[in-house]
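Protein sequences appear in the order of chains A and C.
All letters in the first sequence, in the order written, are residues 1 to 261 by full-length UniProt numbering.
All letters in the second sequence, in the order written, are residues 1 to 261 by full-length UniProt numbering.
Step one of this worksheet: look at the structure below.
There are 2 protein chains.
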Amino acid sequence: MQAAATLEAPIRVVPRARTTTYTSDVPTITTLCSTCHLKDLCLPCGLAGNEVQRLDGLMFGRRKVKLGQPLFHEGDKFQFIYAVRSGTFKTSLTLRDGRQQVTGFHMAGELMGMDGLASGRHASVSEALEDAEVCAIPYAHLTDLAAHNPNLQHIVGRLMSREIVREHSLMMLLGSMNAEERLAAFLLNLSQRMKARGYSASEFHLRMSRAEIGSYLGMKLETVSRTFSLFQQQGILEVDKKHVRIVDLERLSYAVEARVQ
Amino acid sequence: MQAAATLEAPIRVVPRARTTTYTSDVPTITTLCSTCHLKDLCLPCGLAGNEVQRLDGLMFGRRKVKLGQPLFHEGDKFQFIYAVRSGTFKTSLTLRDGRQQVTGFHMAGELMGMDGLASGRHASVSEALEDAEVCAIPYAHLTDLAAHNPNLQHIVGRLMSREIVREHSLMMLLGSMNAEERLAAFLLNLSQRMKARGYSASEFHLRMSRAEIGSYLGMKLETVSRTFSLFQQQGILEVDKKHVRIVDLERLSYAVEARVQ
DNA sequence: CGTCGTATTGAAGAGGATCAAAGCGCGTGG
DNA sequence: CCACGCGCTTTGATCCTCTTCAATACGACG
Chain A
1 MQAAATLEAP IRVVPRARTT TYTSDVPTIT TLCSTCHLKD LCLPCGLAGN EVQRLDGLMF
61 GRRKVKLGQP LFHEGDKFQF IYAVRSGTFK TSLTLRDGRQ QVTGFHMAGE LMGMDGLASG
121 RHASVSEALE DAEVCAIPYA HLTDLAAHNP NLQHIVGRLM SREIVREHSL MMLLGSMNAE
181 ERLAAFLLNL SQRMKARGYS ASEFHLRMSR AEIGSYLGMK LETVSRTFSL FQQQGILEVD
241 KKHVRIVDLE RLSYAVEARV Q
Chain C
1 MQAAATLEAP IRVVPRARTT TYTSDVPTIT TLCSTCHLKD LCLPCGLAGN EVQRLDGLMF
61 GRRKVKLGQP LFHEGDKFQF IYAVRSGTFK TSLTLRDGRQ QVTGFHMAGE LMGMDGLASG
121 RHASVSEALE DAEVCAIPYA HLTDLAAHNP NLQHIVGRLM SREIVREHSL MMLLGSMNAE
181 ERLAAFLLNL SQRMKARGYS ASEFHLRMSR AEIGSYLGMK LETVSRTFSL FQQQGILEVD
241 KKHVRIVDLE RLSYAVEARV Q
């Protein structure tokens, strides 16, 4: 056996020896951080204006990824960190028996692929949940640049740390919350991220299926569906398939702490 | 509400505004990586001999931590990354309602505290499960040093990435494994880490309680106990309180994939 | 020797999982 | 344009795993 989730050492899941062919691998358009509308959410976040311009030296390209297409696969060589420009992605792990665990959903300005640095190969799959576009940031160039810019170095570290903290939260959720708390935490988180991107915090479209939400939250799709229905009955949400409206943010927040005391 | 586990953004758990007083904060003894017996497991892992000597410039101190004592707390200012020299630690998160989630157990050569870089404050507590000693590596010095050494920079990145991958595995475990698989995966992982440190891979002493194992694995202490008993009945383990002997590694490994097909 | 913390074990109960069926939206092809 | 099939979702009924509550045992320590 070696598909087991090893906990401290790098996981050894299905090392598919495939070289993914990216049908969507269009000629690169050079993109500049300094003129990007996402610069306050994305990599440059925290850098001063003149420092952001140094990032322009990266000259990274964009890549369009169509709905359902992979951005990278488990086992792919690690070369880039990807920043979402538009669209939504899910990242997931697969066990040899086919069980999947969604490890994250990623929207504009968020980074993916940092798990690949550990072993030089990506440990997870990333797949577009709608037509999407990413910046492919060559990691080697990034560290070159960081070598002459302590601030940038610090920021890269902070981004990785943020990923660690994000996963901490998810562990908390998976380890000690019930179905209602999980879904509530998920929706609140989504709501905050939508808001940060200038969208409504109370009404949005889910890009992922019930099964994908379930995998992410460690529950079955039926349970996800039931919990949505429950929240609707309670007047906390209005749900129509993938369209969600948060009616009572107060009580949704409270649901996360329902079992308190 | 704000104790909710936010998933993408940094978690906001109990920001205890306390300045921990470390009773065990003894005068620092300067320690050198190049002469350390853990150099193949720890930070210098992957650096060539002459490069390791550059790490000696760090001049970091050691700190002894007694059983039950905290190394750092949630909310403590982030200054150091800690490398375990001896002993075992657990790191955990606390929700406002007191629910705890153990996020990791750490033994000789392993690093802790990288979650603090995200916000400048530690997001988790670290506590010694036995009398222990750590190296306190000043993060600022580390990045200074890395600025002139691309290899070191790469290694720091890799260590953080490894932490991300480790947590991926735990998410997989928490999200899609049953009690038997969880405990089996836990024990196998422990076994591998003991082996890497020159201890027996088949017989060891658990430093943590059933409750702590349970918290880590997302199950109750009774279930942990019952699963230990089950494995013993099946002749897979011999268990006497905290002393564990793996009798049938084959079947323990198989237990991780029991539900396969 | 009594007490406290930890572990084990049993019995009962609850929360999700599983199995199953039906509804809905959507694209395809006749 | 409509019929059909497919994928996703919802909902119900039943089952099962793990939790909860409780009692007991064990060892360390004052």
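Beta carbons: idealized from backbone N, C-alpha and C, even for Gly.
- Residue contact with chain A for E180/C: absent (no Cβ-Cβ distance below 9 Å to any residue of chain A).
- Classified as buried, S191/A has 16 or more neighbouring CB atoms from the shown chains inside 10 Å of its CB.
- Listed along chain A, no residue sits closer than 8 Å to M112/C by beta-carbon distance, the nearest being about 11 Å off.
- Leaving aside the five residues that flank G109/A on each side, the residues in its chain whose CB is nearer than 6 Å to its CB run, in chain order, L38, L41 and C42.
- Closer than 7 Å at the C-beta level to chain C, one finds these residues of the stretch 149 to 168 of chain A: P150, Q153, H154, G157, R158, M160, S161, R162, E163, I164, V165, R166, E167 and H168.
- Residue state for G113/A is assigned as coil, using DSSP reduced to three classes.
- C-alpha of R182/A to C-alpha of M172/A: approximately 10 Å in a straight line.
- Runs of the beta strand (DSSP E) spanning 3 or more residues and lying entirely within the UniProt domain "HTH crp-type" (177 to 250) of chain A occur at 203 to 205, 237 to 240 and 243 to 246, in chain order.
- Bridge pairing for R63/C: V134/C [DSSP].
- Counting along the chain, the unbroken beta strand (DSSP E) around H106/C starts and ends at Q100 to H106.
- G120/A places its beta carbon less than 9 Å from that of F78/A.
- Within the stretch 88 to 101 of chain C, those residues whose Cβ lies closer than 8 Å to any Cβ of chain A are, in chain order, L93, L95, R96, D97, R99, Q100 and Q101.
- For P138/C, the closest alpha carbon among the candidates D131/C, A118/C, V52/C and G113/C is that of G113/C.
- Scanning chain A for C-beta atoms nearer than 9 Å to the C-beta of M194/C yields nothing, as the closest lies near 11 Å away.
- Those residues of the stretch 194 to 222 of chain A placed with their C-beta closer than 9 Å to a C-beta in chain C are A196, S215, Y216, L217, G218 and M219, ordered along the chain.
- Scanning its chain for C-beta atoms nearer than 8 Å, with the 5 sequence neighbours on each side dropped, one finds around I246/C the residues L187, S191, A201, S202, E203, I236, L237 and L252, in chain order.
- With the criterion set as a beta carbon lying under 8 Å from some beta carbon of chain A, the members of the stretch 115 to 128 of chain C are D115, G116, L117, A118, S119, A123 and S124, in sequence order.
- G218/C is a Cβ neighbour of L174/C, given a cutoff of 9 Å.
- A Cβ-Cβ contact shorter than 9 Å links A146/A with V156/A.
- For L145/C, no beta strand (DSSP E) encloses it; the enclosing alpha helix (DSSP H) starts and ends at Y139 to A147.
- Counting C-beta atoms within 10 angstroms of its own C-beta, G116/A has 16 or more neighbours from the protein chains shown and is therefore classed as buried.
- Close partners of M59/C in chain A (Cβ separation under 7 Å) are lacking, with about 19 Å as the shortest Cβ gap.
- Against chain A, a Cβ distance below 8 Å from T143/C picks out P150, Q153, H154 and G157.
- Counting the other CB atoms within 10 Å of its CB gives D76/A a total of 16 or more, which places it among the buried residues.
- According to the DSSP assignment, R85/C belongs to the beta strand (DSSP E) that extends over F80 to S86.
- Contacts between E130/A and chain C, judged by CB atoms closer than 9 Å, are missing: the closest CB pair is about 18 Å apart.
- Per DSSP, L71/A is one residue of the beta strand (DSSP E) stretching across P70 to F72.
- When the alpha-carbon of A128/C is set against those of T88/C, L152/C, C135/C and I164/C, the nearest one is in T88/C.
- C135/C sits close to R85/C, with the two beta carbons spaced by under 9 Å.
- Assigned with DSSP and collapsed to three states, T35/A falls in helix.
- For H243/A, the CB contacts under 6 Å within the same chain, skipping 5 residues up- and downstream, are H205 in chain order.
- Taking the Cβ atoms as the reference, T143/A lies roughly 19 Å from H141/C, outside the contact range of under 8 Å.
- Of the residues assessed, M59/C falls on the exposed side of the cut-off, its CB having fewer than 16 other CB atoms within 10 angstroms.
- Any Cβ of chain C closer than 9 Å to the Cβ of G46/A would place that residue at the interface, and such an atom is absent.
- Distance check between E130/A and each of K90/A, R96/A and K241/A places K90/A closest, using alpha-carbon atoms only.
- Between F231/A and A185/A, the gap from beta carbon to beta carbon reaches 9 Å or more.
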